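Structure first, commentary second.
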Amino acid sequence: MARFLTRLIDAQAFWAKPLGDFNQRWLSALLHRMWTIKDLLHGRWLGHPLHAASTDLPIGVLTLVIVFDLIGQPGAADVALIAGVVLMGLSALSGAADYSDTDGTARMRATVHATLMVVALVLYAISLAMRLGSVEVQTLPIVLSVVGYLVLTAGAFVGGDVAYVLGNMVNRHAFRGAGTKWVALDLGGVDDIPEGQLFKAKAGANNLVILRTGETILALHEQCAHAGGPLSQGALLDGVVECPWHGSRFRLADGHATRGPTVYDQPSYEVRRSESGGGWEARRAEG
Ligand code: FES
168 MARFLTRLID
178 AQAFWAKPLG
188 DFNQRWLSAL
198 LHRMWTIKDL
208 LHGRWLGHPL
218 HAASTDLPIG
228 VLTLVIVFDL
238 IGQPGAADVA
248 LIAGVVLMGL
258 SALSGAADYS
268 DTDGTARMRA
278 TVHATLMVVA
288 LVLYAISLAM
298 RLGSVEVQTL
308 PIVLSVVGYL
318 VLTAGAFVGG
328 DVAYVLGNMV
338 NRHAFRGAGT
348 KWVALDLGGV
358 DDIPEGQLFK
368 AKAGANNLVI
378 LRTGETILAL
388 HEQCAHAGGP
398 LSQGALLDGV
408 VECPWHGSRF
418 RLADGHATRG
428 PTVYDQPSYE
438 VRRSESGGGW
448 EARRAEG
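Numbering-wise, the sequence shown is residues 168 to 454 according to our numbering.
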């Protein structure tokens with residue numbers, strides 16, 4: 168079943184890919200001028216993707232529309248439909264912010280998701296206009312809202328696919344252990360850690376991005392929490408590293424995310440001179 172649905176979604180690539188690329192261009196141009204609003208929509212303030220939480224509200228409320236129609240409560244169905252349409256619109260804003268930082272297959276499937284949601288929203292809007300324009304209970308607006316619900320469910324399925332199958336807006340360090348064992352740093356053939364620049368080193372299985380100032384070493388995991396971008400290739404901005412892929416920023420002192428699209432902090436590491444003499448060693452910082 169999953170394979171069939173995936174093939175069905177991916178068969179939409181012929182229109183979804185160019186449309187997604189086009190949408191990404193204008194959304195990026197718009198949102199990258201207003202980082203504060205963009206951050207708010209991603210949910211960095213919440214430490215959780217806002218879109219994942221905000222989509223539950225309209226789906227729940229629009230389920231009520233069907234229930235109220237079924238039990239013959241047209242007034243209550245109208246109120247639920249108005250609330251559902253407004254909540255869908257608000258949820259689309261957070262979705263658009265996340266969508267603007269998708270790439271590849273995730274962008275294509277997110278375009279299918281967004282298109283289905285727009286179709287559902289249009290069906291609901293027509294149903295609502297017909298309901299409000301008539302005092303009689305009509306069949307067509309009820310049918311339209313049921314069809315809208317089916318499209319909404321299909322859209323939610325594809326959206327879930329973007330998050331759970333492709334890992335969009337999922338913390339890249341979700342499964343990383345927080346062991347406190349000191350591990351020797353592999354400097355990749357360099358004699359010592361250079362000063363004043365971002366430097367990539369290996370601590371066991373983990374790559375770190377390191378900034379050295381004298382004997383003070385600040386270190387984070389090298390793979391960006393948002394989508395795995397290489398932080399050692401990013402920009403160094405006053406104690407903060409900016410990811411080269413979508414512009415997330417992390418404080419080097421403790422990994423705190425100071426700008427999205429990431430909503431997660433970056434794992435931070437302690438680095439010290441090796442006790443066995445010569446070289447450096449690192450361990451994951453607690454907290
Ligand atoms: S990978 Fe997206 S901001 Fe780093």
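We put the beta carbon where it would ideally sit given N, CA and C, even for glycine. Being a predicted model, the structure only gives us computed values, none of them experimental.
Legend entry - Within 8 Å, strictly: CB atoms of arginine 339 and glycine 395: yes
Legend entry - Between the CA atoms of tryptophan 349 and aspartate 270 - distance to the nearest angstrom: 36 Å
Inset, instruction - Decide if the segment 201–208 is in contact with the segment 233–251; the criterion is three or more beta carbon pairs, one per stretch, under 8 Å apart. - result: No: the two stretches stay apart, fewer than three of their Cβ pairs being nearer than 8 Å.
Inset, instruction - Using only the heavy atoms of the ligand FES, determine whether one of them is closer than 7 Å to the beta carbon of serine 415. - result: Result yes, Cβ under 7 Å from the ligand FES.
Inset, instruction - Flag histidine 199 as yes when its Cβ comes closer than 7 Å to any non-hydrogen atom of the ligand FES, and as no otherwise. - result: no
Inset, instruction - Identify, in the order they occur along the chain, each residue of the same chain with its Cβ nearer than 7 Å to the Cβ of valine 318, setting aside the five sequence neighbours on each side. - result: Leu283, Val286, Ala287, Leu290
Legend entry - Buried versus exposed call for tyrosine 331 [16 or more other C-beta atoms within 10 Å across all chains shown]: exposed
Inset, instruction - Leaving out five residues on either side along the sequence, give the residues of the same chain with a beta carbon under 8 Å from the beta carbon of threonine 380. - result: Glu362, Gly363
Legend entry - Cα-Cα separation between valine 438 and alanine 386, rounded to whole angstroms: 7 Å
Legend entry - Reference isoleucine 226; option with closest CA among Pro185, Gly444, Ser312: Ser312
Legend entry - Delimiting residues of the alpha helix (DSSP H) encompassing aspartate 143: Residue coverage of the chain in this structure runs from 168 to 454, which leaves residue 143 outside it and unanswerable.
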